[in-house]
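Enquirer: The structure that follows is given in the form of C-alpha cells.
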C-alpha cells in the first residue's frame, strides 16, 4: 500500500482518495509514503473549518511561493463540514481556494514570485496569480482518507 500511495503522490497532480476499513491506519501509510518521497506533510486533524483553512493556507504558501512539493492530508470528518468539499474541489480543479488569502497576503506572495516568474514563465508576467495557481497545481497533492 505504501508503494501505491508513493507512486500516486509522486506523479504530476497526483491527488488521492484513500478508502479503508476502520483501523487500517491509512494516515500512517500516507505519512510514511510522504516521508519517503521527501515531501512536506500538512495534516488537517480537526473538524473545525478554521483549522482546515490554516493548514491549507500554509500548504498553498509552501507549494506556490516556495515551490516545494507537499501533501495536504485530510481526514474523513471534513467531508461532513458544509462547504469544505466545495473548497477542496476548487483546489483540485483550479489550484485556488477562493478567499484563502487576504489581498495583502496574496500581494506579498505574488511579489516574492516576480524574479522566478521572469526566469521560468515570462509570458505570465501580466498575470502572476495564474503563475501562483500553476505552481500550486504542480506542487500540492491532496490526499483524503476515509475510514
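In our numbering, the protein residues as written are 95 to 241.
Built from N, CA and C at the ideal position, the CB exists for glycine as well.
1) Does residue 99 have its Cβ less than 9 Å from a Cβ in chain C?
2) DSSP has residue 136 in a bridge; who is on the other side?
3) Return the chain-ordered list of same chain residues with a C-beta closer than 6 Å to the C-beta of residue 110, the five sequence neighbours on each side being excluded.
4) Rounded to the nearest angstrom, how far is the Cβ of residue 136 from that of residue 149, given a contact under 8 Å?
5) Name the DSSP bridge partner or partners of residue 235?
6) Would you kindly report the start and end of the unbroken alpha helix (DSSP H) that includes residue 126?
7) DSSP has residue 110 in a bridge; who is on the other side?
8) What does the alpha-carbon distance come out to for the pair residue 197 and residue 207?
9) Determine the contact status of residue 131 and residue 229, defining contact as a CB-CB distance below 9 Å.
10) So residue 143 is in the alpha helix (DSSP H); what residue range does that whole segment cover?
11) In three-state terms, what does DSSP make of residue 174?
Expert: So, to answer that:
1) Here chain C cannot be found, since the structure has a single protein chain.
2) 166
3) 102 and 237
4) Here residue 136 really is in contact with residue 149; their C-beta atoms are around 5 Å apart, less than 8 Å.
5) 165
6) 120 to 131
7) 237
8) 16 Å
9) no
10) 143 to 154
11) Helix.
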